[in-house]
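Novice: Below is a structure I'd like to ask you about.
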Ligand SMILES: *[C@@H]1O[C@H](CO)[C@@H](O)[C@H](O)[C@H]1NC(C)=O
Ligand SMILES: *[C@@H]1O[C@H](CO)[C@@H](O)[C@H](O)[C@H]1NC(C)=O
Ligand SMILES: *[C@@H]1O[C@H](CO)[C@@H](O)[C@H](O)[C@H]1NC(C)=O
């Protein structure tokens, strides 16, 4: 069974490999020159304030709430209240909330560790002035409280069960939102984490219906119009080929859903979901299928629509593929129109999924908000139960990602946006911060184009945490460039604002950071939010050209005229790049940017970018090629060693060692094939590996390793099924 599974797996990967290579070579041409980074900052170059909370044990930090003064962090047995300006801890407003002795003993009895049997606070929403709803994991027995502020004191008004509202495990990827006087949550409702649900008392998604939710990781939720939207990734039921695939989804429910008639009175009558399509177009689109983070809805001028409402989202390739990450923009209009479109339908378990013809859709259209869903016909309620999936996928704005990164070192984990930052000449730009799983934050600016898709300029790449520490959440703090970065163990308030580092006008303008402008009176690069007047400030975000440095700033009318009369031709810039041999190592230091001639200035800007492009491009080609080589060698080695193992009773020690190693490396992939058990409980798996460390070099250890793994899986099955 495992060998057939493996052949399936290797076929799958081998088929994919040439595509991946072709894509990345194509990507190299099409995308990477645009996305080279201008600045790379190590941790000691950035000013930051660190908050560690409980220093003796892990807090599993999460941002619960933020307003203009404070940020509330959920931690281990407490809620911390910090100032958003300087991270000053307001100790007198800390809320302590440990589990009761009885609950933590019960948790221990159920086989959890000391660190699990704590109350990690995951939810806080103000429900009325001075009133808060809070929920915590409470030693694997979720619990909620309503707090009321009275005369500066906080009292507990009510305590209730939190099952279905709050996760059991502080690391579970859950999300929730408070809207219309109700808490809407997407989490799990059982100890082992096998009952995922979207819940608002008393309505929930169907229990163990894989068409509705299939081992989801919830990422975020937002309210928009009459609906609550949930973003998540999950195992795709509609994927009919070999192996398991994860897709990204957006699901929605009506805020006013009252449940169905009769026995479906505790079920949603409006739950629908659709795939998110973040891909590089082509004959075989290359997909970034695993959503990691989204921003909230922002309003601005995108693609000619003045009041477009969009979200930015970070998506990645699967863990076992070459690390690819993308930022895609989704327009809420597009999301809504997919939910207006055809439904997906599968006749029988092995049949293909097909669109439902319009005349087979009952009326009123299932999934829409209605006056009173309790009087809906059974036909309607049954239709939505069996057709929760939309046929079409939500396309990214402009049909392609805004930014792509291919890296062997990191993937994107979090995204946030400082929306619509106003420049001195009254344009607006979104500044996007992207967190990675190797502790970095990229600062990116979205530069719209009047003709085609927008361009992402990566202003800087900043080391925030150590290389092994993923950035879990990002929040914008007041003041330009201030960002709050959350990891499991610490939270940092960092200043990602590089204006001061530049002493030349051309450098300041070429950075293209909407936060920075050249002050022509003081002769310094300043952060725009510290300037008292825009009068003498110069910026050029659209073109990043130093031409404006030469214009006398005292005459404002001429400045604006010149703005329009010096269009930098993007195409000529691009062809310039193509003509230059990419292997030529251009010397950026000696370039003279002070030429008055427009052509020369353009050349200066493009040359300094070019060197970055070439080295990065080469790195990627070399890395991809060597990885491909490794991978093919790997598979051959594996197959040979496998055959050898089958035919020989007494394999030589070297073979065992190799095989053992491979087994450990492919553990992730083979667990594909047992999707249900994989999600059962990672903690339990960890327990077994902790107590039985794999003995690498011992003869026969291979067998032991397999038995331990299978044994554990069976044990888990027995325990939870
Ligand atoms: C956090 O601290 C600020 C300032 O002291 C206070 O105004 C606010 O009410 C506190 N928040 C909570 C939830 O206690
Ligand atoms: C939650 O998401 C993170 C980041 O994508 C992932 O590494 C982690 O395994 C997920 N947690 C669980 C319990 O699946
Ligand atoms: C995703 O978008 C690409 C191009 O933008 C398109 O070719 C592809 O068919 C789409 N995929 C799905 C599943 O809709």
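Numbering (full-length UniProt numbering), first residue to last: 1 to 721.
Cβ atoms here follow ideal geometry from the backbone N, Cα and C, with glycine treated the same way.
No experiment lies behind these values; they were computed from the predicted model shown.
Have a look at 459, 401 and 408 and flag the residue whose alpha-carbon is nearest the alpha-carbon of residue 452.
Specialist: For the purposes of this step, residue 452 is taken as the residue at position 452 of the chain shown. Here the closest residue by C-alpha is 401.
Novice: By alpha-carbon positions, which one of 158, 84, 65 and 101 ends up nearest to residue 121?
Specialist: Taking the chain shown and counting its residues from 1, one reaches residue 121 at position 121. Ranking the options by Cα distance to residue 121, first place goes to 65.
Novice: How many Å lie between residue 764 and residue 164 at the Cα?
Specialist: Shown here, the chain extends from 1 to 721; a query on residue 764 therefore has no answer.
Novice: Which residues does DSSP pair with residue 38 in a beta bridge?
Specialist: On the chain shown, position 38 is the one that residue 38 refers to. None; residue 38 has no bridge partner.
Novice: Closer than 8 Å: is that where the CB of residue 382 sits relative to any heavy atom of ligand 2?
Specialist: One-based indexing of the chain shown puts residue 382 at position 382. Checking the Cβ of residue 382 against ligand 2 gives no.
Novice: Between which residues of its own chain and residue 341 is the CB-CB distance below 8 Å, once the five residues before and five after are set aside?
Specialist: The residue labelled residue 341 in the question sits at position 341 within the chain shown. Result list for residue 341: 390, 391 and 392, in chain order.
Novice: Whole angstroms is fine: what's the gap from residue 337's alpha carbon to residue 314's?
Specialist: Your numbering for residue 337 matches position 337 in the chain shown. Your numbering for residue 314 matches position 314 in the chain shown. About 22 Å.
Novice: Within 8 Å, do at least three Cβ pairs link the segment 259-269 to the segment 293-309?
Specialist: The segment 293-309 vs the segment 259-269: no contact.
Novice: Listed by chain order, which residues have C-beta atoms less than 7 Å from any heavy atom of ligand 3?
Specialist: This criterion selects 275, 277, 279, 281, 285, 392, 393, 395, 399 and 400.
Novice: According to DSSP, is residue 540 helix, strand or coil?
Specialist: Position 540 of the chain shown holds residue 540. Looking at residue 540 - three-state DSSP - the assignment turns out to be coil, as it is neither helix nor strand.
Novice: With burial defined as no fewer than 16 other Cβ atoms inside 10 Å of the residue's Cβ, what is the status of residue 204: buried or exposed?
Specialist: Taking the first residue of the chain shown as 1, we reach residue 204 at position 204. When all chains shown are included, residue 204 counts as buried.
Novice: With distances taken between CB atoms, is the gap from residue 327 to residue 189 smaller than 9 Å?
Specialist: The sequence position of residue 327 within the chain shown is 327, counting from 1. The sequence position of residue 189 within the chain shown is 189, counting from 1. In this structure, residue 189 does not lie closer than 9 Å to residue 327 by Cβ.
Novice: Whose beta carbon lies closer than 5 Å to any heavy atom of ligand 1, going through the chain in order?
Specialist: Result: 70, 81, 90 and 93.
Novice: Considering Cα atoms alone, identify which of 142, 285, 339 and 124 is closest to residue 228.
Specialist: Position 228 of the chain shown, counting from 1, holds the residue named residue 228. Comparing Cα-Cα distances from residue 228 to each of 142, 285, 339 and 124, the minimum goes to 339.
Novice: Looking at the unbroken alpha helix (DSSP H) that takes in residue 338, where does it start and where does it end?
Specialist: If you number the chain shown from 1, residue 338 lands on position 338. Unbroken alpha helix (DSSP H) run through residue 338: 332-340.
Novice: Quick check: the Cα distance between residue 149 and residue 114, rounded to an integer number of angstroms?
Specialist: Position 149 of the chain shown, counting from 1, holds the residue named residue 149. Position 114 of the chain shown, counting from 1, holds the residue named residue 114. Going by the C-alpha atoms only, they are around 32 Å apart.
Novice: Figure out for me which residue from 437, 345 and 517 has the closest Cα to the Cα of residue 532.
Specialist: As a working mapping, residue 532 is identified with position 532 in the chain shown. Answer by Cα proximity: 517.
Novice: Leaving out five residues on either side along the sequence, give the residues of the same chain with a beta carbon under 8 Å from the beta carbon of residue 181.
Specialist: Numbered from its first residue, the chain shown carries residue 181 at position 181. Excluding sequence neighbours, residue 181 sits near 127.
Novice: With DSSP run on the structure shown, which of helix, strand or coil describes residue 326?
Specialist: Here residue 326 refers to the residue found at position 326 of the chain shown. Residue state, collapsed to three classes: strand.
Novice: Taking DSSP's pairing of strands, which residues face residue 308 in a bridge?
Specialist: Taking the first residue of the chain shown as 1, we reach residue 308 at position 308. Looking at the DSSP assignment, residue 308 forms a beta bridge with 300.
Novice: Identify the residues that DSSP records as bridge partners of residue 501: which are they?
Specialist: Taking the first residue of the chain shown as 1, we reach residue 501 at position 501. DSSP lists no partner for residue 501.
Novice: Compare the beta carbon distance of residue 500 and residue 52 with 9 Å and say whether it is the shorter of the two.
Specialist: Here residue 500 corresponds to residue number 500 of the chain shown, with the count starting at 1. Here residue 52 corresponds to residue number 52 of the chain shown, with the count starting at 1. Not in contact: residue 500 and residue 52 (Cβ atoms no closer than 9 Å).
Novice: Considering only DSSP beta bridges, list what residue 293 is partnered with.
Specialist: Counted from its first residue, the chain shown places residue 293 at position 293. Answer by DSSP bridge pairing, in chain order: 314.
Novice: Give the DSSP-derived three-state secondary structure of residue 435 in the structure shown.
Specialist: Numbered from 1 along the chain shown, position 435 holds the residue referred to as residue 435. Strand at residue 435.
Novice: Rounded to a whole number of angstroms, what is the C-alpha to C-alpha distance between residue 44 and residue 493?
Specialist: Residue 44 sits at position 44 when you count from the first residue of the chain shown. Residue 493 sits at position 493 when you count from the first residue of the chain shown. In a straight line, the C-alpha of residue 44 is about 14 Å away from that of residue 493.
Novice: Report back the beta-carbon spacing between residue 762 and residue 510 to the nearest angstrom; my notes put them in contact at under 8 Å.
Specialist: There is simply no residue 762 to check, as the chain begins at 1 and stops at 721 in what is shown.
Novice: Relative to the C-alpha of residue 134, which candidate in 110, 80, 116 and 86 has its C-alpha closest?
Specialist: The residue you call residue 134 lines up with position 134 of the chain shown. For residue 134, the nearest C-alpha among the options comes from 80.
Novice: Using only the heavy atoms of ligand 2, determine whether one of them is closer than 8 Å to the beta carbon of residue 115.
Specialist: Here residue 115 corresponds to residue number 115 of the chain shown, with the count starting at 1. No, ligand 2 has no heavy atom inside 8 Å of this Cβ.
Novice: Following the continuous alpha helix (DSSP H) through residue 179, name the residue where it begins and the one where it ends.
Specialist: For the purposes of this step, residue 179 is identified with residue 179 of the chain shown, where counting begins at 1. Where residue 179 is concerned, there is no enclosing alpha helix (DSSP H), although the beta strand (DSSP E) it sits in stretches over 175-179.
Novice: Can you give me the C-alpha to C-alpha distance between residue 334 and residue 283, rounded to a whole angstrom?
Specialist: Residue mapping note: residue 334 aligns to position 334 of the chain shown, counting from 1. Residue mapping note: residue 283 aligns to position 283 of the chain shown, counting from 1. Residue 334 and residue 283: Cα-Cα distance of roughly 23 Å.
Novice: Taking Cβ positions, are residue 277 and residue 396 nearer each other than 9 Å?
Specialist: As a first step, residue 277 is located in the chain shown; it is residue number 277 there, counting from the start. As a first step, residue 396 is located in the chain shown; it is residue number 396 there, counting from the start. Their beta carbons are under 9 Å apart, which means residue 277 touches residue 396 by this criterion.
Novice: Which partner residues of residue 488 appear in the DSSP bridge assignment?
Specialist: Along the chain shown, read from residue 1 onward, the residue named residue 488 stands at position 488. Paired residues: none, contrary to the question.
Novice: Does the segment 192-203 come within contact of the segment 236-245, defined as at least 3 CB pairs closer than 8 Å?
Specialist: Verdict: no, contact absent.
Novice: Under the DSSP definition of a beta bridge, which residues are partnered with residue 518?
Specialist: Reading the chain shown from its first residue, position 518 is the one you call residue 518. DSSP output for residue 518 lists 525 and 538 as bridge partner(s).
Novice: May I ask which residues mark the beginning and end of the beta strand (DSSP E) holding residue 250?
Specialist: One-based indexing of the chain shown puts residue 250 at position 250. Run containing residue 250: 246-254, per the beta strand (DSSP E) assignment.
Novice: Going along the chain, which residues of its own chain have a beta-carbon closer than 6 Å to the beta-carbon of residue 353, five neighbours each way excluded?
Specialist: Position 353 of the chain shown holds residue 353. Excluding residues within five positions, the ones whose Cβ falls inside 6 Å are 238, 344 and 346.
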